[in-house]
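In my numbering, each residue's number is its place in the sequence shown (first place is 1) plus 53.
A quick write-up on the structure given underneath.
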Amino acid sequence: MALFTVLSLVLRLTDVWSWWAVLWAPLSVLGVGCVVYEWRLTARSRWRMGPMEWVFLVVTHLSLLAALARVFGFLPR
Numbered sequence: 054m055a056l057f058t059v060l061s062l063v064l065r066l067t068d069v070w071s072w073w074a075v076l077w078a079p080l081s082v083l084g085v086g087c088v089v090y091e092w093r094l095t096a097r098s099r100w101r102m103g104p105m106e107w108v109f110l111v112v113t114h115l116s117l118l119a120a121l122a123r124v125f126g127f128l129p130r
């Protein structure tokens with residue numbers, strides 16, 4: 054979350070899209086891949102997770118979506 058927030062601030066406050074986007078693109082792909090892999094693992098063992106673990110999982114994914122929406126300009130300043 055912190056990396057995506059920093060990326061959002063840098064891209065919003067400066068107009069440097071080219072090399073920053075190239076530097077952060079692999080981290081974004083890695084983050085999305087980790088989320089997909091995590092959801093696959095939780096689908097297999099979903100009944101073993103407690104209620105608070107589900108809350109933390111949902112909050113983590115919502116914060117990732119909010120950061121990505123901020124980066125891509127879907128959320129206002």
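Backbone N, C-alpha and C fix where the C-beta goes; we use that ideal spot for every residue, glycine too.
Predicted model, so just to flag it, every value in this text is computed and none were measured.
Please report how far the alpha carbon of residue i lies from the alpha carbon of residue j, in whole angstroms.
i, j, result
"V63", "L83", "20 Å"
"M54", "A119", "9 Å"
"V88", "R65", "25 Å"
"Y90", "R97", "11 Å"
"W92", "W107", "11 Å"
"L128", "L76", "23 Å"
"A78", "V59", "14 Å"
"G86", "L80", "10 Å"
With residue i as the anchor, note down where its alpha helix (DSSP H) starts and where it stops.
i, result
"M105", "104-124"
"F57", "55-66"
How close, in whole Å, do the beta carbons of residue i and residue j come, if the pair is a contact with beta carbons under 8 Å?
i, j, result
"P57", "L121", "Rather than Pro, the amino acid found at residue 57 in this sequence is Phe. Between L121 and F57 the Cβ distance is about 7 Å, and since that is below 8 Å, they are a contact."
"T95", "M105", "Wrong, their Cβ atoms sit about 14 Å apart, outside the cutoff."
"V112", "S61", "That pair is no contact at about 18 Å."
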